[in-house]
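Here the sequence shown is numbered in the working numbering, starting from -1 and rising by one per residue.
Reviewing the structure listed below.
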Amino acid sequence: MATAYTDEQKLRDAKRIARDGGCFVVVLDVQMQGKTVRKYLLYREATPRNQLVGKRMNVGALLKLAKDATKVVDTPH
């Protein structure tokens, strides 16, 4: 039986892919309408300022963004 691909694993993979592609991930906990919402931001390392590539509200979308932004070929788990 295959194990589930958890959000923690997706976040770890997204950070690894981003780092390998010259980017990094920032995780923010933001208060919105009385609720705490987690946002994921992907930045490309650049001089003199880092460039925001995109932001997502869930880890699966962040993983896809990191793959698309760094041109990583999707590999099976």
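Glycine included, C-beta positions come from ideal geometry on N, C-alpha and C.
For residue i, report the span of its beta strand (DSSP E) as first-last.
i: Gln7; result: Run containing Gln7: none in the beta strand (DSSP E); it sits in the alpha helix (DSSP H), 5 to 18.
i: Arg42; result: 33 to 42
Taking the Cβ atom as the reference point for each residue, do residue i and residue j lie within a distance shorter than 8 Å?
i: Leu50; j: Tyr38; result: no
i: Lys69; j: Ile15; result: no
i: Arg17; j: Val25; result: no
i: Glu6; j: Cys21; result: no
i: Val23; j: Lys13; result: yes
Which residue comes first and which comes last in the alpha helix (DSSP H) that contains residue i?
i: Gly58; result: 57 to 68
Taking just the CA atoms, how far does residue j sit from residue i?
i: Leu60; j: Thr45; result: 23 Å
i: Asp11; j: Gly19; result: 12 Å
i: Lys33; j: Thr1; result: 31 Å
Return the Cβ separation of residue i and residue j in integer angstroms, given the expectation that the two are a contact with Cβ distance under 8 Å.
i: Lys8; j: Gly52; result: Going by Cβ atoms, the distance from Lys8 to Gly52 rounds to 16 Å, so no, they are not a contact pair.
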